[in-house]
Structures are given as C-alpha cells and as structure tokens.
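No gaps in the numbering here: position 147 of the sequence shown is 147 in full-length UniProt numbering, and each next residue is one more. What follows is a set of notes on a single structure, which appears directly below.
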Amino acid sequence: RVEEHNEAGPQFIDIYSSIYAMRQDLERVRKPVGTRENPGRTCKDLFYGHPQFTSGWYWIDPNLGMSDDAIYVFCNMSAGGETCIFPDVHSSQMPNIPWRKDRDDSGWYSTLRGGFRITYETTGVVQMTFLRLLHETAYQNFTYTCINSAAWLDMTTGGYDKALRLLADNDQEFSHDSLPPNIIIDGCKTRRSKSETVFEVRTKNLDQVPIVDFYPMDYGLPHQAFGFVVGPVCYK
Numbered sequence: 001r002v003e004e005h006n007e008a009g010p011q012f013i014d015i016y017s018s019i020y021a022m023r024q025d026l027e028r029v030r031k032p033v034g035t036r037e038n039p040g041r042t043c044k045d046l047f048y049g050h051p052q053f054t055s056g057w058y059w060i061d062p063n064l065g066m067s068d069d070a071i072y073v074f075c076n077m078s079a080g081g082e083t084c085i086f087p088d089v090h091s092s093q094m095p096n097i098p099w100r101k102d103r104d105d106s107g108w109y110s111t112l113r114g115g116f117r118i119t120y121e122t123t124g125v126v127q128m129t130f131l132r133l134l135h136e137t138a139y140q141n142f143t144y145t146c147i148n149s150a151a152w153l154d155m156t157t158g159g160y161d162k163a164l165r166l167l168a169d170n171d172q173e174f175s176h177d178s179l180p181p182n183i184i185i186d187g188c189k190t191r192r193s194k195s196e197t198v199f200e201v202r203t204k205n206l207d208q209v210p211i212v213d214f215y216p217m218d219y220g221l222p223h224q225a226f227g228f229v230v231g232p233v234c235y236k
C-alpha cells in the first residue's frame, strides 16, 4: 500500500497542476489583463475585471478573433474604462503653415496641395466596426491652430461665414448650419493673433466618428496660416 501511495503521488500532483492551469486559463478568459497575449474586449471589460488598473495603454480585441489582430489603445480608467483610438501618427497633426488658396473657393483639406485625409489604419475597419457595436456613445476633439485665421466665429463681422466644417466617417458634415459641434475654445475668432479653436464632436450615432477630414475657409491671405491636431475618438 505504501508503494501504491507513492506511485499515486505524482499522478495527484499532475491532476492538481492541470486543474490549477485550467483555473488560470479560465481566469484569463474571464478577467483578461490587457496584454498582447491576453487582450480584453474593450477597456470597460478591463476596468470591470481589474478596478485597480490605472489609465494607460492596453491591448484589446473587440472582435474576439485571434490575438494577433488585437489593437493597442489608450484606456481612460478614470472615466470608467473609455476606449480611446488615436489617428495614425502621420495624419494626426500639422503645424501652422501659410497654405495657398489656388482659387476663390476653398476645398477639403485632403484636396489641398500637400493635404491628406485623417486615417485610422492602425485600428482597421473591422475592429472599428466592433467598437461601435460594443458602445453607446463616443466623442472626439479637433483642434484648429491659427495665425490671423478664423475657425468658427469671425469677430470682425460677427458672422460664421468662415466657420470650418468637419467630415464624419459616414460622410456627414459637422458645421454651423448642420450638426454643429461643441466649441470648447474659440481663440481664432479675432483673426489677429496666434491661437487655437477646439471643436468637440459628441454623438450617439457612432458611425459619425472618427473625423476624417475638414474644410478650412479662412486662409490664403498674407500673414495667415493654420494647422491642426486631431484627438482620439473615445468610446464609452
């Protein structure tokens, strides 16, 4: 019997080890930790599973496919686990430049000589689609930097004829006349200084974000210049 007990010992150890490993695997599925190997589905999932996690960069996989298509996102844990997607680095900003206006009419920024569309290829269409399905609201900021150039209100006339327009991912336009965005700061309204105007798009129609282009109006004159910075689109 002693021999049988000794022989059974390693078997029990193997069984317990297997059970322990299975419990660890189940725990990783139930409470992912946001690594490349163990991504969460959204930042909110990570927040619920680990309330002690701080805001920062984590891996998530909204479509729950293979982990090799997981995406690296910023999780705003202080806001309850918002998932924030940044535009591709090469299209996320531009310093103030004295853009030329080749004709009286303006055009979308992507059509200007040297302009481009704001892209989110790092995230991809599939994962972006699942993020929309998994959330209820989203918001995104767009900052227009200016030198002697109006972005929304023109204080010299008191009108909005120089207000720029923002193009949504579903081709809808945010403008003064239709779907007006929130204006957080309007420092460009004087047309006399270097400043910035900050637009905020906040919507329950998640097809309207992210912002992919904008239509500047007030540029092309001597001593005028503009640039921009695109913030992340945050899903909640």
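Built from N, CA and C at the ideal position, the CB exists for glycine as well. Owing to the predicted nature of the structure, the values given are computational and were not obtained by experimental measurement.
query, result
"Name, in chain order, the residues that DSSP records as bridge partners for leucine 166.", "Phe174 and Phe214"
"Helix, strand or coil: which one does DSSP assign to alanine 150?", "coil"
"Considering only DSSP beta bridges, list what tyrosine 235 is partnered with.", "Thr83 and Ala138"
"Count the other CB atoms within 10 Å of the CB of glutamine 140; is the residue buried (16 or more) or exposed (fewer)?", "buried"
"Going along the chain, which residues of its own chain have a beta-carbon closer than 6 Å to the beta-carbon of threonine 143, five neighbours each way excluded?", "Glu196, Val198 and Val229"
"To the nearest angstrom, report how far apart tyrosine 235 and proline 216 are at their CA atoms.", "27 Å"
"Can you have a look at tyrosine 48 and say buried or exposed, based on whether 16 or more other CB atoms are within 10 angstroms of its CB?", "exposed"
"Measuring only the C-alpha atoms, how far is proline 39 from serine 92?", "25 Å"
"Measuring alpha carbon to alpha carbon, tell me which of Gly56, Ile85 and Asn148 ends up nearest threonine 129.", "Ile85"
"Would aspartate 154 be called buried (16 or more neighbouring beta carbons within 10 Å of its own) or exposed?", "buried"
"Compute the beta-carbon to beta-carbon distance between aspartate 69 and tyrosine 120, rounded to the nearest angstrom, for a pair I have assumed lies under 8 Å.", "Their Cβ separation, rounded to whole angstroms, is 15 Å, which puts aspartate 69 and tyrosine 120 out of contact at 8 Å."
"Roughly how many angstroms lie between the CA atoms of glutamate 173 and proline 98, to the nearest whole one?", "25 Å"
"Do you know offhand how far tryptophan 59's Cα is from glycine 80's?", "17 Å"
"Where do the N-terminal and C-terminal ends of the beta strand (DSSP E) with glycine 56 fall, by residue?", "56 to 60"
"Rounded to a whole number of angstroms, what is the C-alpha to C-alpha distance between glutamate 200 and valine 33?", "31 Å"
"Where does valine 89 sit, in a helix, a strand or coil, going by DSSP?", "helix"
"Going by DSSP, name the residue or residues bridged to glutamate 200.", "Asn141 and Asn182"
"Select from Leu221, Leu134, Arg191 and Asp45 the residue whose C-alpha is nearest the C-alpha of glycine 159.", "Arg191"
"Going by DSSP in three states, phenylalanine 130 sits in which element: helix, strand or coil?", "helix"
"Here's the rule: buried if 16 or more other CB atoms are within 10 angstroms of the residue's CB, otherwise exposed. What is methionine 66?", "exposed"
"What's the C-alpha gap between leucine 134 and arginine 165?", "28 Å"
"Please determine, among Thr203, Lys194 and Gln52, the residue with the shortest C-alpha to C-alpha distance to asparagine 182.", "Thr203"
"Once DSSP output is grouped into helix, strand and coil, what is the label at methionine 66?", "coil"
"Find the nearest neighbour of glycine 115 within the set His90, Leu131 and Gln127, judged by alpha-carbon distance.", "His90"
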